[in-house]
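Following: one structure in structure tokens, then a few remarks.
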Amino acid sequence: MPGMTRWSTRRALLSVAAAGGAAWTAAYRADQRRIDADPIKPSLDAPLKGRPVAVRAGDGTALRVRVYGQEDAPTIVLVHGWTCAIEFWTLQIQALQDEFRIVAYDLRGHGKSAPSSGGDYSIDAYRDDLESVLLATVPEGEKAVLVGHSLGAMTIVAWAADRGESLLDRVAAVGLFSTGLGDLVTSSLILPAPGVGPRIQQELGQLLLGSKAPIPKRATPLISRAVRYVALCGAASPATVAFCEQLVLSCPRDVRANTGSSISRIELLDGLDAIDVPTIVLVGREDRLTPPVHAEKMTEALDEVLEMIELPDVGHMAPLEAPERTTQAIRRLVAAGDRFAAPVAG
Numbered sequence: 274m275p276g277m278t279r280w281s282t283r284r285a286l287l288s289v290a291a292a293g294g295a296a297w298t299a300a301y302r303a304d305q306r307r308i309d310a311d312p313i314k315p316s317l318d319a320p321l322k323g324r325p326v327a328v329r330a331g332d333g334t335a336l337r338v339r340v341y342g343q344e345d346a347p348t349i350v351l352v353h354g355w356t357c358a359i360e361f362w363t364l365q366i367q368a369l370q371d372e373f374r375i376v377a378y379d380l381r382g383h384g385k386s387a388p389s390s391g392g393d394y395s396i397d398a399y400r401d402d403l404e405s406v407l408l409a410t411v412p413e414g415e416k417a418v419l420v421g422h423s424l425g426a427m428t429i430v431a432w433a434a435d436r437g438e439s440l441l442d443r444v445a446a447v448g449l450f451s452t453g454l455g456d457l458v459t460s461s462l463i464l465p466a467p468g469v470g471p472r473i474q475q476e477l478g479q480l481l482l483g484s485k486a487p488i489p490k491r492a493t494p495l496i497s498r499a500v501r502y503v504a505l506c507g508a509a510s511p512a513t514v515a516f517c518e519q520l521v522l523s524c525p526r527d528v529r530a531n532t533g534s535s536i537s538r539i540e541l542l543d544g545l546d547a548i549d550v551p552t553i554v555l556v557g558r559e560d561r562l563t564p565p566v567h568a569e570k571m572t573e574a575l576d577e578v579l580e581m582i583e584l585p586d587v588g589h590m591a592p593l594e595a596p597e598r599t600t601q602a603i604r605r606l607v608a609a610g611d612r613f614a615a616p617v618a619g
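Numbering (the numbering used here), first residue to last: 274 to 619.
Structure below.
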């Protein structure tokens, strides 16, 4: 009978939905158990205790800036990447704050920094924000070690290129971690497109990076797996993935989209000519967003490159996926900067 058929169909659909919901709940609970058991979780959850510094960008945008560690020690400035915040550097700040003075800030629109007062999320705006932070936090006459991850590294290169003069008076060394300076869309391994021409691939990539499509504000098994695939790799620990997931989900949609659109068009490789201080290029071998080919190009273009470090079993979020090796690279930068700046005897 038709009525019975409709009822049977409805009941079948309800059964499928119930089974799907139960499976989703089971997956969520299993994920949470793995996260809670992860030994890195307490370190990721530990609050950072920094001293606030009031900084406004040139266009009036208020930036959240914090100083950690020892006031009379060498200064390290940490610049996070797209959709992240100061907390991205949690493990490095914890490891280094007893020895160094660490400056970290939220990019405009990210974390607890204010949205851009004029809606500008271009690389030029991020570049100018870095200058504002440096002027407010690095004592006159002191040189800082600048370390950037992803968009943060792009920001450092754009800032160096804009100066049009040697960095030697203000910078001791530079770290360019998990980044690229051009051809970001066509070289990405996120969505392999064999047989698709570079022009179409570029247009599709720009649409994807600049998309304002909403994403959930809460963690889900599906989002967690997507974040692992895009930003990390299979070896990343459960708590590390969850930590990155929360950073990404916390980024406002307009900020994510407008910044992503800017990133998709960046061409900054020539800006490396302006970096004349010791530099370390670091990349995860499994980085799908900025694969090692970018690190290789940067290493070839730099005059004062100390080393290119390629980390096995690491994706795009190297400071979180390989915290000890990333921190070791920062220590090397500080030491190299000291040697580079020392006067030659005789």
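Glycine is no exception: its CB is placed at the ideal position from the N, C-alpha and C atoms.
Self-check item: Cross-strand partners of Phe450 (DSSP beta bridge)
Solution: His422 and Leu555
Practice problem: Measuring alpha carbon to alpha carbon, tell me which of Gly453, Val430, Leu454 and Thr459 ends up nearest Val447. | Solution: Val430
Practice problem: Count the C-beta pairs between the stretch 376-394 and the stretch 343-361 that are closer than 8 Å, then say yes if the count reaches three, no if not. | Solution: As far as the Cβ criterion goes, the stretch 376-394 touches the stretch 343-361, which means the pair count is three or higher.
Self-check item: C-alpha distance - Pro312 paired with Thr513, whole-angstrom precision
Solution: In a straight line, the C-alpha of Pro312 is about 10 Å away from that of Thr513.
Self-check item: Validate contact between the stretch 499-519 and the stretch 565-582 using beta carbons, cut 8 Å, 3 pairs
Solution: no
Quiz prompt | For Gly342: DSSP bridge partner residues | solution = Arg374
Quiz item: Using DSSP with H/G/I as helix, E/B as strand and the rest coil, what is Thr356?
Solution: coil
Quiz item: Under the three-state reduction of DSSP, which class applies to Leu584: helix, strand or coil?
Solution: strand
Practice problem: Would you mind working out which of Trp432, Phe450, Asp543 and Ser451 sits nearest Val444, comparing C-alpha positions? | Solution: Trp432
Practice problem: Would you mind stating whether Met427 and Leu542 have Cβ atoms separated by less than 7 Å? | Solution: no
Self-check item: Start-to-end residues for the beta strand (DSSP E) that takes in Arg443
Solution: Looking at the DSSP string, Arg443 is not in any beta strand (DSSP E), and its letter there is neither H nor E.
Exercise. Can you grab the Cα-Cα spacing for the pair Ala602 / Ile553, in whole Å?
Key: 7 Å
Quiz item: On the three-state DSSP scale, how would you describe Arg501?
Solution: helix
Practice problem: Under the assumption that Val352 contacts Gly455 (Cβ atoms under 8 Å), give the Cβ distance between them as a whole number of angstroms. | Solution: Their Cβ separation, rounded to whole angstroms, is 19 Å, which puts Val352 and Gly455 out of contact at 8 Å.
Exercise. Leaving out five residues on either side along the sequence, give the residues of the same chain with a beta carbon under 7 Å from the beta carbon of Pro565.
Key: Val556, Arg558 and Glu583
Quiz item: Looking at Thr599 and the ligand NAP, is the gap between the Cβ and the nearest heavy atom below 6 Å?
Solution: This structure lacks the ligand NAP, and indeed carries no ligand of any kind.
Exercise. Report yes or no: do the stretch 517-527 and the stretch 487-503 share at least 3 C-beta pairs separated by less than 8 Å?
Key: yes
Quiz item: Whole-angstrom Cβ separation of Ser497 and Leu562, contact assumed at under 8 Å?
Solution: Distance from Ser497 to Leu562 at the Cβ level is roughly 17 Å; contact not present, criterion being Cβ atoms closer than 8 Å.
Quiz item: Of the residues Tyr399, Glu594 and Gly333, which one's Cα is nearest the Cα of Phe516?
Solution: Answer by Cα proximity: Glu594.
Practice problem: Using 10 angstroms around the beta-carbon of Pro325, count the other beta-carbons present and answer buried if the total reaches 16, otherwise exposed. | Solution: exposed
Quiz item: Taking all protein chains shown into account, do 16 or more other C-beta atoms lie within 10 angstroms of the C-beta of Ala417, making it buried, or fewer, making it exposed?
Solution: buried
Quiz item: Looking only at C-alpha atoms, which of Tyr394, Ser390 and Ile349 sits nearest to Asp371?
Solution: Ile349
Quiz item: Can the beta-carbon of Leu505 be found less than 7 Å from the beta-carbon of Gly437?
Solution: no
Exercise. Compare the C-alpha of Ser439 against each of Asp549, Arg339 and Ala591 and name the closest.
Key: Cα-wise, what sits closest to Ser439 is Asp549.
Quiz item: Quick one: what's got a C-beta closer than 6 Å to Gly391's C-beta in the same chain, skipping five residues either side?
Solution: Asp332
Quiz item: Who are the Cβ neighbours of Ile463 in its own chain at under 7 Å, not counting the five residues just before and after it?
Solution: Val503, Arg561 and Leu562
Exercise. Identify whether Arg612 lies in helix, strand or coil by the three-state DSSP scheme.
Key: helix
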